[in-house]
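Enquirer: I am attaching a structure below and will ask some questions about it afterwards.
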Amino acid sequence: MMDQPSGKSLTVLGIETSCDETAAAVVVRGPDGHGEILSNLVHSQLEAHAVYGGVVPEIAARAHVDVLDRLVVGALEQAGIGIDELDGIAATAGPGLIGGLMVGLTTGKAIAAARSLPLIAVNHLEGHALTPGLTDALLPPYLLLLVSGGHTQLLIVRDVDRYERLGTTLDDALGESFDKTAKLLDLAYPGGPEVERQAASGDASRFDLPRPMLGREGANFSFSGLKTAVRRAAFSAAPLRPQDVADLCAAFQAAVLDIIADRTANAIALYRDRLGPDAPAHLVVAGGVASNAGLRAALQDLCVEKNFSLTVPDASLCTDNAAMIAWAGAERLSRGLVDGLDVAARARWPLDADAPPVIGAGVKA
Ligand code: KG4
Ligand code: ZN
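Mind the numbering: the sequence shown is residues 16 to 380 in the working numbering, read in order.
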């Protein structure tokens with residue numbers, strides 16, 4: 016049985032190192048359950064990985080070691096508090112790149128041990144999932160679409176620590192497929208924003224691209240066939256002029272939006288099925304791809320049609336950050352959900368342990 020949330024104010028340091036962002040933040044959870052960010056520092060390793068066109072795990076782990084201590088000190092300074100004023104240390108323990116996870120979790124353990132503070136080993140996906148509680152005071156249950164470089168999932172957030180996965184990607188994550196499309200077209204990394212920019216001046220109807228999974232039952236995704244189709248279309252139109260690139264980006268994005276709207280519509284039906292017709296009708300979108308204006312517009316249209324409200328946390332809290340880890344840590348701490356110092360980092364860690372495994376999904380599940 017889970018303890019009820021405690022009524023006292025909790026100040027938590029959060030540490031995030033699961034991918035290519037090193038981050039530290041301090042968040043307060045008030046006695047009434049409201050959240051406040053006291054500091055939120057993110058050091059992006061974008062430049063270190065850009066020349067490789069993707070994240071290199073070994074480079075990422077070393078870069079976390081280089082900057083994390085300074086970021087933690089900076090986050091406390093900016094928050095205007097000393098370590099002794101903290102009530103807990105929250106560190107991402109998975110899923111993600113194991114080297115980076117170990118750097119952040121070990122740092123969290125060291126601070127917790129040295130100051131006899133509780134440690135909360137946070138699932139990175141729970142950080143994303145609970146963010147609307149911090150940014151918009153939105154309480155579960157709600158439906159969550161998580162679309163980032165590493166993840167593409169539809170989940171029911173029933174409560175803290177209670178998630179039901181409705182769908183996940185069978186292959187590439189959505190952000191990854193934006194990045195691969197960009198790489199194929201010789202656009203800058205990370206590709207998402209660049210593909211969106213190009214798409215704005217393109218003709219989406221010039222190339223006829225497939226929409227994998229469209230019309231299929233359930234809420235799973237698949238993007239690798241779309242990527243292959245873009246490659247084929249690019250080869251057939253080569254040498255590519257700027258307008259060809261723009262048209263390909265527009266066609267790719269249009270296909271993506273159709274897929275997302277179709278899958279999310281199914282997830283809304285599943286959400287209503289499982290929670291009943293009176294369940295709060297809220298859709299939350301998080302992850303780096305949530306900053307795509309086309310995606311937000313498509314989901315807004317869907318929400319109007321389905322009578323759902325749409326919440327998209329501010330971009331800085333949609334992408335990877337430590338405030339969401341501190342917040343998830345505070346939510347867990349308030350319910351007595353803490354971890355021992357022997358807790359291990361986990362490259363794979365599904366939020367919904369009961370969800371059937373999906374072939375090919377790897378850590379993205
Ligand atoms: O959440 P995030 O910052 O990092 C993780 O992957 O966890 O997401 C980064 C991903 C990248 O794949 C990037 O290309 C994509 O989000 N992205 C976008 C846009 N902005 C970022 N994809 C499409 N349109 C955008 N405007
Ligand atoms: Zn993330």
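The beta carbon of each residue, even a glycine, is placed where N, CA and C say it ideally should be.
Using three-state DSSP, classify Asn138 as helix, strand or coil.
Expert: Translated into positions along the sequence shown, residue 138 becomes position 123. Correct three-state label for Asn138: strand.
Enquirer: Report the three-state DSSP secondary structure of Tyr204 (helix, strand or coil).
Expert: For the purposes of this step, residue 204 is taken as residue 189 along the sequence shown, with counting starting at 1. Coil.
Enquirer: Under 7 Å from any heavy atom of the ligand KG4, does the C-beta of Pro208 make it?
Expert: Counting from one through the sequence shown, the residue named residue 208 turns up at place 193. Pro208: yes, Cβ under 7 Å from the ligand KG4.
Enquirer: From Ile74 to Ala276, what distance separates their C-alpha atoms?
Expert: The sequence position of residue 74 within the sequence shown is 59, counting from 1. The sequence position of residue 276 within the sequence shown is 261, counting from 1. Near 36 Å, if we compare the C-alpha coordinates of Ala276 and Ile74.
Enquirer: Taking C-alpha atoms, which residue in Arg231, Asp223, Leu140, Gln258 lies nearest to Ala244?
Expert: Within the sequence shown, the letter at position 229 stands for residue 244. It is Asp223 whose Cα lies nearest to the Cα of Ala244.
Enquirer: Out of Leu310, His166, Ser33, Ala282, state which residue places its alpha-carbon closest to the alpha-carbon of Val210.
Expert: Locating residue 210 in the sequence shown gives position 195, where the first residue counts as 1. Of the listed residues, the one whose Cα sits closest to Val210 is Leu310.
Enquirer: Please output, in chain order, the residues near the ligand ZN using a CB cut-off of less than 5 Å to any non-hydrogen atom of the ligand.
Expert: So the residues near the ligand ZN by this Cβ test are Ser163, Asp335.
Enquirer: Check whether the Cβ of Asp174 sits closer than 7 Å to any heavy atom of the ligand KG4, and report yes or no.
Expert: Position 159 of the sequence shown, counted from the start, is the residue given in the question as residue 174. Asp174: no, Cβ never under 7 Å from the ligand KG4.
Enquirer: Measuring from the CB of Asn307, is there a heavy atom of the ligand KG4 at a distance below 7 Å?
Expert: Sequence index remark: in the sequence shown, residue 307 carries index 292 (1-based). Checking the Cβ of Asn307 against the ligand KG4 gives yes.
Enquirer: May I ask whether a heavy atom of the ligand KG4 can be found less than 7 Å away from the beta carbon of Asp194?
Expert: Here residue 194 corresponds to residue number 179 of the sequence shown, with the count starting at 1. Yes; taking the cut-off as 7 Å, the Cβ of Asp194 has a heavy atom of the ligand KG4 nearer than that.
Enquirer: Please name the residue in Thr107, Tyr67, Thr326, Pro225 whose C-alpha comes closest to that of Ala362.
Expert: Residue 362 sits at position 347 when you count from the first residue of the sequence shown. Closest option to Ala362, Cα to Cα, is Thr107.
Enquirer: When every heavy atom of the ligand KG4 is checked, does at least one fall within less than 7 Å of the C-beta of Glu141?
Expert: Locating residue 141 in the sequence shown gives position 126, counting from the first residue. Not so, every heavy atom of the ligand KG4 lies at least 7 Å from the Cβ.
Enquirer: Between which two residues does the alpha helix (DSSP H) containing Tyr157 stretch?
Expert: Within the sequence shown, numbered from 1, the residue matching residue 157 stands at position 142. Tyr157 -> not in any alpha helix (DSSP H); beta strand (DSSP E) instead, spanning 157 to 162.
Enquirer: Rounded to the nearest angstrom, what separates Leu112 and Gly207 at their Cα positions?
Expert: As a first step, residue 112 must be located in the sequence shown, where it is residue number 97. As a first step, residue 207 must be located in the sequence shown, where it is residue number 192. One C-alpha to the other measures close to 21 Å.
Enquirer: May I have a chain-ordered list of the alpha helix (DSSP H) segments no shorter than 4 residues that lie completely inside the segment 84 to 153?
Expert: You should have 113 to 130, 139 to 150.
Enquirer: Among Gly190, Gly351, Glu92, Leu332, which has the Cα closest to the Cα of Ser239?
Expert: Taking the first residue of the sequence shown as 1, we reach residue 239 at position 224. Closest by alpha carbon: Gly190.
Enquirer: Between Cys264 and Gln213, what straight-line distance do the alpha-carbon atoms span, to the nearest angstrom?
Expert: Sequence index remark: in the sequence shown, residue 264 carries index 249 (1-based). Sequence index remark: in the sequence shown, residue 213 carries index 198 (1-based). When rounded, the distance between both Cα atoms is 6 Å.
Enquirer: Regarding Pro205 and the ligand KG4, is the C-beta to nearest heavy atom distance less than 7 Å?
Expert: By one-based count along the sequence shown, residue 205 stands at place 190. Flag set: Cβ of Pro205 near the ligand KG4.
Enquirer: Is it the case that the CB of Gly89 approaches a heavy atom of the ligand KG4 more closely than 7 Å?
Expert: One-based indexing of the sequence shown puts residue 89 at position 74. Gly89 Cβ: outside cutoff for every heavy atom of the ligand KG4.
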